[in-house]
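S.K.:
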Amino acid sequence: MKTRYLAVGVALACALITSAAHAAISLGATRVVFDGKNKEASIVVNNDGADALIQSWLDPLDEANGKTLPFAVTPPLVKVSAKHQQLLRVLYEGVGVPADRETAFWLNVQEIPQSAAGDNILQLAVRQRVKVFFRPAGLKDDPQSAPARLQWRLDRERGNAVLSLENPGLYHVTVVDAKWHTGGKDIPIIDAKMIAPGETATMTAKLPASDTVPELRYEIVNDFGGREAYRVTLPAGHPAAPVPVTR
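Every number in this note's numbering is 945 more than the matching position in the sequence shown, counting from 1.
(1) Just verifying my parser: in three-state terms, what is the DSSP assignment at Asn-1010?
(2) Looking at the structure shown, is Gln-1059 part of a helix, part of a strand, or coil, going by DSSP?
(3) Would you tell me roughly how many angstroms separate the C-alpha atoms of Ala-969 and His-1029, rounded to the nearest one?
(4) Taking the alpha carbon of Asp-1007 as the point to measure from, which residue in Leu-1152, Trp-1051, Pro-1081 has its own alpha carbon closest?
(5) Which residue comes first and which comes last in the beta strand (DSSP E) that contains Thr-1145?
(6) Per DSSP, Arg-1098 is paired with what?
(7) Decide if the region 1044-1059 is in contact with the region 990-1003; the criterion is three or more beta carbon pairs, one per stretch, under 8 Å apart.
(8) For the beta strand (DSSP E) that contains Val-1177, what are its first and last residues?
(9) Of the choices Thr-1145, Val-1121, Gly-1182, Thr-1157, whose alpha-carbon is the least far from that of Tyr-1175?
(10) For Arg-976, list the residues DSSP reports as bridge partners.
(11) If we ignore side chains and look at the alpha-carbon of each, how far apart do Ile-1165 and Thr-1119 end up?
(12) Using three-state DSSP, classify Pro-1189 as helix, strand or coil.
(13) Are the beta-carbon atoms belonging to Leu-1084 and Leu-1095 less than 8 Å from one another?
(14) On a CA-only basis, which of Gly-1182, Gly-1143, Arg-1072 is nearest Pro-1043? Give me that one, please.
(15) Whole angstroms is fine: what's the gap from Asn-1191's alpha carbon to Pro-1092's?
(16) Within the same chain, show all residues whose beta-carbon is closer than 6 Å to that of Thr-1019, passing over the 5 residues directly before and after it, in chain order.
(17) Buried or exposed: Ala-1106, going by 16 or more other Cβ atoms within 10 Å of its Cβ?
(18) Is it right to say Gln-1031 is buried, meaning 16 or more other beta carbons lie within 10 angstroms of its own, or is it exposed?
(19) Is it right to say Ile-1134 is buried, meaning 16 or more other beta carbons lie within 10 angstroms of its own, or is it exposed?
(20) By how many angstroms is the C-alpha of Ala-1137 removed from the C-alpha of Thr-1178?
(21) What are the start and end residues of the beta strand (DSSP E) that includes Val-1158?
(22) Distance, Cα to Cα, Ala-966 vs Asn-992?
(23) Once DSSP output is grouped into helix, strand and coil, what is the label at Ala-1141?
(24) DSSP has Glu-985 in a bridge; who is on the other side?
(25) In its own chain, which residues sit with a C-beta less than 8 Å from the C-beta of Ala-1150, not counting the 5 before and 5 after it?
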């Protein structure tokens, strides 16, 4: 009986590995920035494997709200030949989102499994998704200055830190790998957090065992998917703005 279970387990693992090996679809960027001055934005889908059928669609960031997006992706279904590329275009209807701030939503790209010869073949539909950031024409702020406009605030409650993060700007900012820096050591507190325009997020984190004013270090994700380092010193009860870290 144990031998039978082992055989089934090995077969399942092999099927998963085989399926993963055939999932050779990749996207040409980790995010899409849609400038409202243009009629569309685009992203390249690369197919490094065999012929593949690709399905694409859009979702709100909060999929539970059921809202319909005034955007479309084309082509929604397309066959991409082996070792070829396909351009996906995101189009805007022209109305339906705020004109005074950036809007973000998901672009989903899924490889539809092809029928395979033989029985009992496990096939997986591999989905990838990236965020699309739509920037209406005429926004006054510079998106590059958005990370420096964040406002952090630290309040102490029974040995814990209550962190408030406010984004007064017009663009989304994604904070990653945030950590307390004290005594030459880093204490992780936030893996990733995207804060929308006008939003204030509150989170708790244990304070480092130190009497000094804590310093928070983190990175933000820029328009190209790269990272830029920032730090902010947080005296209790006072808002503070971050400064970039020169490497």
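Glycine residues also receive a C-beta, built at the ideal position from the N, C-alpha and C atoms.
M.R.: By the coordinates alone:
(1) helix
(2) coil
(3) 11 Å
(4) Trp-1051
(5) 1145-1151
(6) Ser-1109, Pro-1184
(7) yes
(8) 1172-1178
(9) Val-1121
(10) Lys-1076
(11) 5 Å
(12) strand
(13) no
(14) Gly-1143
(15) The displayed chain sequence assigns Thr, not Asn, to residue 1191. Cα to Cα, the separation comes out at about 15 Å.
(16) Arg-1034
(17) buried
(18) buried
(19) buried
(20) 20 Å
(21) Premise fails: Val-1158 is in no beta strand (DSSP E) and is neither H nor E.
(22) Unreliable placement is indicated for Ala-966, whose pLDDT of 42 sits below 50; the coordinate value is still reported in the next sentence. The alpha-carbon atoms of Ala-966 and Asn-992 are separated by roughly 12 Å.
(23) coil
(24) Leu-1036
(25) Asn-1105, Ala-1106, Leu-1108, Trp-1125, Ile-1134, Ile-1135
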